[in-house]
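Engineer: Numbering-wise (the numbering used here), the sequence shown opens with residue 214 and increments by one.
A virtual CB, placed ideally from N, CA and C, is assigned to each residue, including glycine.
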Amino acid sequence: EHYAWNAKVESEDEYTQMILLTWVKYDQYIQQIMQISKMWNHSIDLNLIYVALDDLCQGNINKTIQILFEFEQWKCQNNNEQKYKKRINEFLEKRCCNHNINLFCMFLSKKYKLIAVEGAALYTVNDGVPFIAYKLNNFVSATFILIYKNENKTMLTITSCLKNSIKSNSKRMNYF
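(1) For residue 219, write down the residues that DSSP places opposite it in a beta bridge.
(2) Taking 7 Å as the limit between beta carbons, can you name the residues of its chain near residue 365, skipping five residues before and five after?
(3) Going straight from the alpha carbon of residue 231 to that of residue 295, what length do you get?
(4) Report the option in 222, 226 and 331 whose CA atom is closest to the CA atom of residue 303.
(5) Give the straight-line distance between the Cα atoms of residue 280 and residue 262, rounded to the nearest whole angstrom.
(6) Work out the CA separation of residue 264 and residue 236 for me, nearest whole Å.
(7) Starting from the C-beta of residue 288, find all residues in its chain whose C-beta is less than 8 Å away, skip the five residues before and the five after it, and write them out in chain order.
(8) Where DSSP assigns a beta bridge to residue 224, which residues make up the other side?
(9) Which stretch, first to last residue, makes up the alpha helix (DSSP H) that contains residue 293?
(10) Near residue 270, what residues of its chain come up, given a Cβ to Cβ distance below 7 Å and the 5 sequence neighbours on each side ignored?
(11) What first and last residue would you give for the alpha helix (DSSP H) that runs through residue 279?
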């Protein structure tokens, strides 16, 4: 189940079929994440909610809301956002590009005596985060598969969205 995928045909015509693949692990929390986001008037990064809900609070919505509330208060105290800006390169060197998660890990390092940069690397690089910015305010976590049919040949194009980026990675395979 850890590596299972959900598939949904997004669109198709006579020549093309687009299939949306989402990792079951991410789909498990999507409705809870959206519910929490709505409570915060969509002002909190969806990936931050995911990290708090999945990794820190093991799916408990009430604990997640509480920890996010504490985090939002902490951000405003003692110039903590400015302290993060002074340390930003430490995070970026470890490929931790989600500033909200990085700041959250600084918060956790104070609260739970963890190492912020290593925690951010664990969440964003090792585990991955499900949401990427897509068409401004819409968010998607997906791998798209386009199947082109032409003269008894089928070309399969797999486009997967990179974590923490709006770039995509495409692979083409020809099947005869």
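Structural biologist: Taking the structure as given:
(1) Its beta-bridge partners are 235.
(2) Any reading at residue 365 needs caution, since the residue's pLDDT is 47, under 50, leaving its predicted position unreliable; the model's value is listed next. Cβ neighbours of residue 365 beyond the five flanking positions: none.
(3) 44 Å
(4) In terms of CA proximity to residue 303, 331 leads the group 222, 226 and 331.
(5) In this structure, the CA atom of residue 280 is about 10 Å from the CA atom of residue 262.
(6) When rounded, the separation of the alpha-carbon atoms in residue 236 and residue 264 is 15 Å.
(7) So the list reads 294, 316 and 320, once near-sequence residues are dropped.
(8) 231
(9) From DSSP, the alpha helix (DSSP H) with residue 293 extends over 293-306.
(10) 276, 277 and 280
(11) 274-289
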